[in-house]
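Residue numbers (the UniProt record's numbering), protein chains in the order written: chain A, 1 to 371; chain B, 1 to 371; chain C, 1 to 326; chain D, 1 to 326.
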Ligand SMILES: Cc1ncc(C[n+]2csc(CCOP(=O)(O)OP(=O)(O)O)c2C)c(N)n1
Ligand SMILES: Cc1ncc(C[n+]2csc(CCOP(=O)(O)OP(=O)(O)O)c2C)c(N)n1
Ligand SMILES: [Mg+2]
Ligand SMILES: [Mg+2]
């Protein structure tokens, strides 16, 4: 269904075909050299490896859950590599590729899905907010942050922009629509980047919208564009244009990256209950990594050694992910009370000290032979 | 500002000019006779009178508050007279004209603003839901009701339709946008009727949207149309078309009735703090009643006697409103506990009987000389 | 007609019975259709009752509850699934300002036979927002009924009672106990089984009353078993609004002590209300203050801390000890 | 530097002082700009600080709180106005799942210095949803601070303390007391005045402690005055999260009796928590159970019934009598 829609609708921006042919788009010229494309290839391969390792680790009981990005690597790497250092990204919970580009170590992501942290990184340091699980909430945070940028006077050529990630399902949520409106009315420097992976858990796109998602933007008074979400170059070009629009004071854009969730919703999910294998095959042919490899190969821009080297690097990254995950220490029980409040709070202090006494009572009881 | 917008945008549907000239619109042919237009004139005049009486009653301390519909009579009468008996309307809190058309006695409305009831009428009996004060909430109720109609198989030539009223400010609320989406995805038989009166309390339209409101609909995949909200004939024609579309299974429409709140937001409000008198003058020239009168006069469809008779009827209605309002009894204290639950509830029963005892203790204490 | 069912499957069977009994009963929510819900509680209903009665909604909780209200006005009896406790909050406005008040504000002209099913509570090793215990928010909201189940028998019958009620019912499902299995007498009749609002003495005892509900009942029973020094009476309160105080106060007047355990955070949790009320009614019978054992007053922590955060067997026993320390 | 101010004007002056002190302080909300808010609490700020710092937002409470969170991440200190208590609920998700938890989930890397000002409570003859007392929902939510004021002095200082706090603060304004006037010592310094979290003995007494807050303080003081048979100590608790228990228990241990009065509904209201906690801490000192005087467990009724619905002088005195009946 989504397939047909894509074919019927000429507005899908594409720069690199599934066959590896580079094309040009009048509105989105992309000035990129071979080295940069090779770097993107590396990103794509490595985040896919991080992802598949995480899936295995979950199967082995090392993680409570994992939300795989399989199939969405290009949308994430393309958009995230369009960000400048000062820009700020507000992810949902599947943006491992974006995290990668923002310098978040995989172990930080794993820590969250292992239940060791709720996201251990510093959002300011990385320009990458914590994962947000309550669908749609982060779109408003992104918009507010962008309104802060406006008040800082940080709009202009060297301006700062914000990108907010969310899925096709999230476009139904009130918060997402309120964010569209706040951004529009305030002309805030924010890009709404929707990865339309055709599914919200078991619900197909037609349960969320009757028209292509990118068109939602026009109803709020700002541009929307649909890009081939499996085309890392198109995602890069379109995101860069949208971010530049935002940073220079031209307001928000909704980018709909048309892609596909190749895996289960999360490791808890069983997609065979609700979707056809045929869909998968169709999308496999549009794999985001394969087309970059084809392009590099067909144009002699990378040799076998390069691909081997990347694969070896992926193996090392995989190894590292496994080790780091397994060696992650559990938090101390008293961390429950950490950072609930910034200012001193007598109530929390009291609960903490009572609980410390309670825990200590076991130790002494243990020493004495126990209950 | 809104003025200019109106002039710049040719899409405003108008059938009756402020000067009283009847025009035709290819998409909204209106087959209406003089008697029907006179009936609309009567509605307009009478609801304006009910409204102005209510404002006076509030000034006299008989009502806690009143939200005046002044200036919006045509939008309300036009849309409400397009409803069939079985249709269901979901008002906001200013739809006194719609209430009138649905057979709600003015005293029921006054009862709510007097604090005697929360809306005493039976929504089913009148096809008119209670007033909803939490902005946007009723748009979802309307959509759900429309989904119920679909499940009843009551869609088709003799089908039932729903209309949901709300203001320009309400279009910013998450619930309203979720309603747009639920209606669109389910192709529900509901018309969203937005009275864009240019103001949400003190906030002008540009704080709510960057583009004309009716355009929001396209982003959700259904048609939007802007109608001259001061033109009762255009409102009738456009609403009828939208309702018929809905009832025959063609899904939702957003109607933006472009109008103006001539009075204060409510009797608590002081609009001189935030808007220019100039705006008022401009809109006075577009008065929704005057143009109908002009049309009737200019075409010899009503004589002086007719207008006098309507004015006299208005006097009688006004008199009745005053009397009914003043004679409304206060509820009994124990009504606090009425209809909190449908099924028996021990907890409420206990509080009720304890409170009854408490109240009785005063009576006996009073008899004995009191505390 | 006994069947061995898990709590999850018992709710499923109860929903099926409700749908068979009344064609106006509908299921609504995210993934409740083809998938049968992320916990499979609506499994098979879509196949057998179709998309008109088992509705996969857009991803918008306010929209789900708001449209359910409209459906109820049109004569339907929607059973809404909120996918996880933490995702209730976008629906707070529709639930608290609309659903809970509609009957009262319409002076009885409108009923709201809406059931909101919410898998709640922690202990499943989940990420944030999937382990909350929001029952106190509901209990504090007049106009709602709030019930929860702890065993398959109650699961099967109470969901049907909830659907039959003309009031909005918050139906809290103890997600970490979904797979607990027991015999269910599906042959009884709805009219005969214990009413939804009644508390149940889950284990009789004489020295101390231990009150809990939902996921904590299993822990409470284990605690009663484990404490060989005292005879502990366990009450499954089942309904948090209204609370069946006669059953509780009768017990407390016998035992002289009350411990309340729940996964909701301590401050302003259901234990606060129960403690305040029972103390008022049993003032001269209490040998110790009502002791509350609850989650700490912090956000639900990352899952590797939840075993410390949630009241477990030891914390409940500690609470009992504290009661006997007076 | 004493000035005679109403509560409303004192908050206004406090906000002005906060904005002058720190350019990162912003006002956000519906009609807070040119109009100065429907209660005029932000009056004059738009004129003097401009549209960038006094922001008339779209009509969407979730949007307001959600964007305030983003602004706070960017280093701002937004003061959000929710126009009326009943309109908080659309913002429940952003408040409970995001604002309250952000610091904890970021392990302290993010602070949320957001103040949410909410005019609350009844007694003004308003239509539905304009007279709610939602404080219990906030009190039960870990991560929020919850305070309320009862006089101009506190209004002036506590709003400034709230703005200075790096935690999210729910600042509840007793709307029916906005026009109460008193002398405010604006010359003191923020560092000197009573901290936001501390309770205040509003009237000393020896026989019974009467605890209240916000709009009920005036009623409580009247009750203490009216009851010539007993010496009643009135405590203005001021902070509902955290509650200053030492001040309360010290008082209750002296008086042996506690009556708690509030406009929130009884079940699960702040009185429940205070009763449960104080009973635990003062078990051997209490001569009667803690008595709660609260609104009934029904939706807020039409305004012609509110005088019966809200605890008034007589109901409070009745509560005191009940305490002495033990
Ligand atoms: C408010 C809310 N409701 C429900 C959920 C449960 N849930 C988690 S992911 C998901 C589907 C999201 O779909 P989409 O937005 O398309 O993102 P995707 O998972 O496809 O990346 C749902 C319903 C949630 N996290 N938050
Ligand atoms: C959720 C919510 N927030 C705030 C309010 C307070 N309020 C009442 S009317 C109003 C403005 C509404 O503007 P609009 O939707 O344009 O309708 P109008 O009053 O102009 O008819 C506001 C903010 C409310 N009733 N509900
Ligand atoms: Mg998706
Ligand atoms: Mg308006």
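Backbone N, C-alpha and C fix where the C-beta goes; we use that ideal spot for every residue, glycine too. Remember, it's a predicted structure, so these values are computed and weren't measured experimentally.
Would residue 90 of chain B pass as a contact of residue 141 of chain B if the rule is Cβ separation under 7 Å? One-based indexing of the second chain puts residue 90 of chain B at position 90. One-based indexing of the second chain puts residue 141 of chain B at position 141. In contact: residue 90 of chain B and residue 141 of chain B (Cβ atoms closer than 7 Å).
Start and end of the alpha helix (DSSP H) containing residue 343 of chain C? Since the first and last residues shown for chain C are 1 and 326, residue 343 of chain C lies out of range.
Quick check on the contact list: which residues have their beta carbon closer than 7 Å to a heavy atom of ligand 1? A/67, A/92, A/94, A/133, A/134, A/135, A/136, A/166, A/167, A/168, A/169, A/170, A/173, A/195, A/197, A/199, A/200, A/201, A/261, A/265, C/30, C/31, C/59, C/61, C/83, C/84, C/87, C/90, C/129
Rounded to the nearest angstrom, how far is the Cβ of residue 155 of chain D from that of residue 291 of chain D, given a contact under 8 Å? The count along the fourth chain starts at 1 and reaches residue 155 of chain D at position 155. The count along the fourth chain starts at 1 and reaches residue 291 of chain D at position 291. 29 Å between Cβ atoms; not a contact.
Compare the C-beta of residue 134 of chain B with all C-beta atoms of chain D and state if any pair is closer than 7 Å. Within the second chain, numbered from 1, the residue matching residue 134 of chain B stands at position 134. Closer than 7 Å to some Cβ of chain D, the Cβ of residue 134 of chain B qualifies, so yes.
Using a cut-off of 8 Å between C-beta atoms, extract the partners of residue 86 of chain D located in chain B. On the fourth chain, position 86 is the one that residue 86 of chain D refers to. Simply 133, 134.
Residue 160 of chain B, buried or exposed, once every other Cβ within 10 Å from all chains shown has been counted against 16: For the purposes of this step, residue 160 of chain B is identified with residue 160 of the second chain, where counting begins at 1. Buried.
Could you check what DSSP says for residue 88 of chain B in three-state terms: helix, strand or coil? Your numbering for residue 88 of chain B matches position 88 in the second chain. Residue 88 of chain B falls in the strand class under three-state DSSP.
For the putative contact between residue 173 of chain C and residue 300 of chain C, defined by C-beta atoms under 8 Å, what is the C-beta separation to the nearest angstrom? As a working mapping, residue 173 of chain C is identified with position 173 in the third chain. As a working mapping, residue 300 of chain C is identified with position 300 in the third chain. Not confirmed; about 17 Å, so no contact.
Counting only C-beta atoms, is residue 230 of chain D closer than 7 Å to chain B at any point? As a first step, residue 230 of chain D is located in the fourth chain; it is residue number 230 there, counting from the start. No, no contact with chain B.
Shorter than 7 Å from the beta carbon of residue 342 of chain B to some beta carbon of chain C? Locating residue 342 of chain B in the second chain gives position 342, counting from the first residue. Answer yes: the Cβ-Cβ gap between residue 342 of chain B and chain C drops below 7 Å somewhere.
Comparing the C-beta of residue 239 of chain A with each C-beta of chain D, is any distance below 7 Å? Mapped onto the first chain, residue 239 of chain A falls at position 239. Not one chain D Cβ lies under 7 Å of residue 239 of chain A.
Reduced DSSP category for residue 307 of chain D - H, G, I as helix; E, B as strand; rest coil: Here residue 307 of chain D refers to the residue found at position 307 when the fourth chain is read from its first residue. Three-state result, residue 307 of chain D: helix.
When DSSP labels each residue in this structure, what does residue 174 of chain D get in the three-state scheme? Residue numbering aside, residue 174 of chain D sits at position 174 when the fourth chain is read from its first letter. Three-state result, residue 174 of chain D: strand.
Of all Cβ atoms in chain C, is any one closer than 7 Å to the Cβ of residue 267 of chain D? Position 267 of the fourth chain, counted from the first residue, corresponds to residue 267 of chain D. Yes, residue 267 of chain D counts as interfacial toward chain C.
Give, in chain order, every residue of the stretch 140-171 of chain A whose Cβ lies closer than 9 Å to some Cβ of chain D. 140, 141, 142, 143, 144, 145, 146, 147, 148, 149, 150, 151, 152, 162
Do you know how far the Cα of residue 336 of chain B is from the Cα of residue 298 of chain D? To locate residue 298 of chain D, count along the fourth chain from 1; it is residue 298. To locate residue 336 of chain B, count along the second chain from 1; it is residue 336. Rounded to whole angstroms, residue 298 of chain D to residue 336 of chain B spans 7 Å at the Cα level.
Under a CB-based cut-off of 7 Å, is residue 130 of chain B close to chain C? Stepping through the second chain from its first residue, residue 130 of chain B is reached at position 130. Cβ-Cβ to chain C under 7 Å: yes for residue 130 of chain B.
For the alpha helix (DSSP H) that contains residue 137 of chain A, what are its first and last residues? Taking the first residue of the first chain as 1, we reach residue 137 of chain A at position 137. Unbroken alpha helix (DSSP H) run through residue 137 of chain A: 137-151.
Can you list, in chain order, the residues of its chain with a C-beta nearer than 6 Å to that of residue 7 of chain D? Leave out the 5 residues immediately preceding and following it. To locate residue 7 of chain D, count along the fourth chain from 1; it is residue 7. So the list reads 152, 155, 177, 178, 180, once near-sequence residues are dropped.
Assign residue 30 of chain C to buried or exposed, taking buried as 16 or more other Cβ atoms, counted over all protein chains shown, within 10 Å of its Cβ. The sequence position of residue 30 of chain C within the third chain is 30, counting from 1. Buried is the call here.
Just to confirm the assignment, what range does the beta strand (DSSP E) spanning residue 167 of chain B have? Against the second chain, residue 167 of chain B aligns to sequence position 167. Note, residue 167 of chain B: beta strand (DSSP E), 162-167.
Quick check: is the beta carbon of residue 35 of chain C nearer than 7 Å to any beta carbon in chain A? Start at 1 with the first residue of the third chain, and residue 35 of chain C comes out as number 35. Answer yes: the Cβ-Cβ gap between residue 35 of chain C and chain A drops below 7 Å somewhere.
Along chain C, which residues have their Cβ under 9 Å away from the Cβ of residue 109 of chain A? Numbered from 1 along the first chain, position 109 holds the residue referred to as residue 109 of chain A. Neighbours of residue 109 of chain A on chain C: none; closest Cβ ~11 Å, over 9 Å.
So does the stretch 32-50 of chain D actually touch the stretch 261-276 of chain B, counting three or more Cβ pairs closer than 8 Å? yes
Figure out for me which residue from D/210, D/94, D/114, D/296 has the closest Cα to the Cα of residue 179 of chain A. On the first chain, position 179 is the one that residue 179 of chain A refers to. Closest by alpha carbon: D/94.
Relative to the C-alpha of residue 20 of chain A, which candidate in A/224, A/233, A/262 has its C-alpha closest? Translated into the one-based positions of the first chain, residue 20 of chain A becomes position 20. Comparing Cα positions, the closest option is A/233.
Throw me the rounded Cβ distance for the residue 268 of chain C and residue 273 of chain D pair, which I believe falls under 8 Å. Within the third chain, the letter at position 268 stands for residue 268 of chain C. Within the fourth chain, the letter at position 273 stands for residue 273 of chain D. Indeed they touch by this definition, with Cβ atoms about 5 Å apart.
Is the CB of residue 261 of chain B under 7 Å away from at least one CB in chain D? As a working note, residue 261 of chain B is residue 261 in the second chain. No, residue 261 of chain B does not count as interfacial toward chain D.
Could you tell me which uninterrupted alpha helix (DSSP H) segments, each at least 4 residues in length, are contained entirely in the stretch 283-335 of chain B, listed from first to last along the chain? 288-298, 304-326
Just by C-beta distance, which residues in the stretch 201-222 of chain B are closer than 8 Å to chain A? 206, 207, 208, 209, 210, 211, 215, 216, 217, 218, 219, 220, 221, 222
Counting only the same chain and skipping the five closest in sequence on each side, list residues whose C-beta sits under 6 Å from that of residue 184 of chain C. Here residue 184 of chain C corresponds to residue number 184 of the third chain, with the count starting at 1. If we look at residue 184 of chain C and ignore the five residues flanking it on each side, its Cβ neighbours are 3, 5, 10, 152, 153, 156.
Could you pull out every residue in the same chain whose Cβ sits closer than 6 Å to the Cβ of residue 199 of chain A, ignoring the five residues on either side in sequence? For the purposes of this step, residue 199 of chain A is taken as the residue at position 199 of the first chain. Here the set comprises 261.
Hey, is residue 298 of chain C's beta-carbon within less than 7 Å of any beta-carbon in chain A? Taking the third chain and counting its residues from 1, the one referred to as residue 298 of chain C is at position 298. Closer than 7 Å: yes.
Length of the line joining the Cα atoms of residue 222 of chain C and residue 313 of chain C: The count along the third chain starts at 1 and reaches residue 222 of chain C at position 222. The count along the third chain starts at 1 and reaches residue 313 of chain C at position 313. Using only the alpha carbons, I get a separation of about 7 Å.
Check whether the Cβ atoms of residue 232 of chain D and residue 208 of chain D lie closer than 7 Å to each other. Locating residue 232 of chain D in the fourth chain gives position 232, counting from the first residue. Locating residue 208 of chain D in the fourth chain gives position 208, counting from the first residue. Yes, they are a contact pair.
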